[in-house]
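For what it's worth, our numbering labels the leading residue of the sequence shown as 551, then goes sequentially.
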Amino acid sequence: MRETKRLIRLIATPEDHRIAQLAAAAIGLSLIDAAIPLPLPGIKPGLANIVTLIVLARYGWLAAAWVSGLRVFAGGLLLGYFLSPGFFMSLTGALFSLLTLALAIRLPSRWFGPVSWSILAAFAHIGGQLLLARWWLIPHDGLYLLVPFFAVAALTFGVINGLLAARLLDELAVNQSEVQNA
């Protein structure tokens, strides 16, 4: 019996290309994040979250979830920690952040935007990671002594990343209006 080979043709849409480009930017920022030495393990600036916030504001939650998910998986592969405890910590933080952002984007835009979204997502990220660490890696209540350090880092980096995302969104809006008026 002769087997016939069938070709499967995947057609990428412009949205697929946009998601891939934005995910690549987030992955690049994750690699930079990993290279920054910080005094306490587990505290990172979360620069890739700037891209996630921009995607959330411009293209919606689903696109942001794709970018974030691709960043976590590709970052795990590129940094060599795929399926390690660090990978699952990153994945848990991303999932908690995305779930929080799904609720946060429904809050009144008059009072809530990229900065508040970033702060909420940062706290959700570290909260998810601490819960996973307590449940799986360090089953001791002493872990909670680190909460103040992580909370300060979440607030600090949440504000900084939110301000950067808001600034970039403003610049994108100005550039887009200039193109439309030209």
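We treat Cβ as the ideally placed atom computed from N, Cα and C, and that holds for glycine.
Where residue i sits in the DSSP three-state scheme
i           : result
residue 621 : helix
residue 642 : helix
residue 728 : helix
residue 648 : helix
residue 580 : helix
residue 700 : helix
residue 602 : helix
residue 597 : coil
residue 556 : coil
residue 633 : coil
residue 675 : helix
residue 567 : helix
residue 666 : helix
residue 717 : helix
residue 562 : coil
Beta-carbon separation (whole angstroms), residue i vs residue j, contact threshold 8 Å
i           : j           : result
residue 693 : residue 684 : 5 Å
residue 614 : residue 653 : 13 Å between Cβ atoms; not a contact.
residue 699 : residue 590 : 6 Å
residue 569 : residue 719 : Contact doesn't hold; Cβ gap of about 18 Å is too wide.
residue 588 : residue 628 : That pair is no contact at about 19 Å.
residue 672 : residue 619 : Not quite, the Cβ-Cβ distance comes to about 18 Å (not below 8 Å), so this is no contact.
Cβ neighbour criterion (16 or more within 10 Å) applied to residue i
i           : result
residue 616 : buried
residue 598 : buried
residue 733 : Limits of the chain in this structure are 551 at one end and 732 at the other, which puts residue 733 out of reach.
residue 625 : buried
residue 727 : exposed
residue 792 : The question about residue 792 has no answer, for the chain in this structure spans 551 to 732.
residue 674 : buried
residue 648 : buried
beta-carbon residue i near the ligand COA non-hydrogen atom, thresh 7 Å
i           : result
residue 554 : Ligands are entirely absent from the displayed structure, and the ligand COA is therefore not among its contents.
is_contact[residue i, chain D] using C-beta, thresh 8 Å
i           : result
residue 585 : Here chain D cannot be found, since the structure has a single protein chain.
**Prompt:** Does the region 638-658 come within contact of the region 670-684, defined as at least 3 CB pairs closer than 8 Å?
**Reply:** yes
**Request:** Would you be able to state if there are at least three C-beta pairs under 8 Å between the region 712-722 and the region 656-676?
**Result:** yes
**Prompt:** Are the region 626-640 and the region 654-663 touching by the rule of at least three beta carbon pairs closer than 8 Å?
**Reply:** no
**Message:** Tell me whether the region 591-607 and the region 551-566 touch, counting them as touching only if at least three CB pairs, one residue from each stretch, are closer than 8 Å.
**Reply:** no
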